[in-house]
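J.: The following block contains the structure, expressed as structure tokens.
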Amino acid sequence: MGWLKFCWTSWKLNAAGAMEFRMSFIMTAGMMFINNLVWIFFWSIYFKQFPIVNGWEQDDVMIMWAIGTAGYGLAAIFFGNMTRIANIVATGQLDLYLSQPKPVLLNVLVSRMSVTAIGDLVFGLLLFGIFGDVSLPGLLRFVSAMLISTVIFVFFMVATQSLAFYIGNAEGLGQQLFITFITFSTYPTDIFRGFARLLLFTAVPAGFISYLPIGWIREFQPAFALGAVGAAVGLAVAGTAFFYRGLRRYSSGNAIGMRM
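Taken in order, the sequence shown gives residues 55 to 314; the numbers are from our numbering.
Written as structure tokens, this is what we have:
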């Protein structure tokens with residue numbers, strides 16, 4: 055309960071800081087919404103020419119985008135530092151978190167909110183409202199898929215960003231892996247074959263997100279569902295362990311500062 059209270063306080067402060075400049079807040083979130091809308095426009099044109107792509111229909115792709123954008127939106131709103139851990143480690147800013155009596159990883163993750171991600175979350179929810187099943191069972195399947203997506207996003211980023219403990223400045227590598235993960239999570243899984251498909255369910259587990267519209271929403275496939283939940287839990291455990299193991303290698307940056 056203490057951790058939840060701490061997270062809630064951090065989230066309220068992050069939201070208050072973002073809302074201090076409301077016009078900037080609206081424009082930043084709105085531009086991300088428009089950016090996603092452009093991609094959906096292109097997919098709509100594509101499906102007018104090719105109604106089915108390897109068994110995927112237009113609604114399936116739209117739900118894939120809804121799960122992906124909403125899941126990433128939740129992750130980046132509530133755990134906004136997930137893509138900045140490498141920078142925090144490299145610049146010695148981690149000292150600020152080590153000096154506070156809170157779990158270090160949790161403290162790092164919740165101390166920032168991505169404003170652009172609000173546009174992603176709103177976009178994903180609206181997209182599901184248009185193309186998804188808005189009955190109670192449909193909503194429960196979508197929410198559970200979105201939460202699985204969120205966990206995978208957060209802890210894949212934690213794991214890749216924690217490379218900074220082991221190889222030094224890993225900002226560039228972390229950013230490339232982030233872009234790769236986002237890209238693969240927004241394309242139908244079944245267009246990939248062979249080694250590329252294997253990567254999507256192992257080293258870059260974006261396939262567990264992009265296949266959710268088929269194996270979780272359209273038709274509940276027990277084997278895939280077990281794999282998706284297992285991937286989320288496994289990444290949470292492995293990412294956390296990888297971070298704290300790397301933390302033992304961290305050398306103070308002698309940063310002097312205070313975070314309220």
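Yeah, the Cβ is synthetic: ideal placement off N, Cα and C, and Gly gets one too.
Since the structure is predicted, the reported quantities are computational estimates derived from the model, not experimental observations.
Considering only the alpha carbon of each residue, which of Gly269, Asn141 and Gly127 lies closest to Met345?
T.: Nothing can be reported for residue 345, as the shown portion of the chain is limited to 55 through 314.
J.: Does the distance from the C-beta atom of Phe210 to that of Leu163 stay below 7 Å?
T.: Result no, Cβ atoms of Phe210 and Leu163 do not sit closer than 7 Å.
J.: Along the chain, where does the alpha helix (DSSP H) that runs through Ile99 open and close?
T.: Its alpha helix (DSSP H) spans residues Arg76 to Gln103.
J.: From the DSSP output, which residues share a beta bridge with Val107?
T.: Answer is Trp110, bridged to Val107.
J.: Verify whether the separation of the beta carbon atoms of Phe235 and Val212 is less than 7 Å.
T.: No; because the gap between Cβ atoms is not below 7 Å, this pair is not in contact.
J.: Roughly how many angstroms separate the alpha carbons of Leu190 and Ser216, rounded to a whole number?
T.: Using only the alpha carbons, I get a separation of about 39 Å.
J.: Apart from the five residues just before and just after Thr294, which ones in its own chain have a Cβ nearer than 8 Å to its Cβ?
T.: Closer than 8 Å at Cβ, skipping near neighbours: Leu159, Phe209 and Val212.
J.: In the DSSP assignment, the alpha helix (DSSP H) including Val143 goes from what residue to what residue?
T.: Ile139 to Ala144 is the span of the alpha helix (DSSP H), which, as asked, contains Val143.
J.: Measuring alpha carbon to alpha carbon, tell me which of Val291, Ile172, Asn108 and Glu225 ends up nearest Tyr265.
T.: Ranking the options by Cα distance to Tyr265, first place goes to Asn108.
J.: Count the other CB atoms within 10 Å of the CB of Gly222; is the residue buried (16 or more) or exposed (fewer)?
T.: Answer is exposed; the Cβ neighbour count stays below 16.
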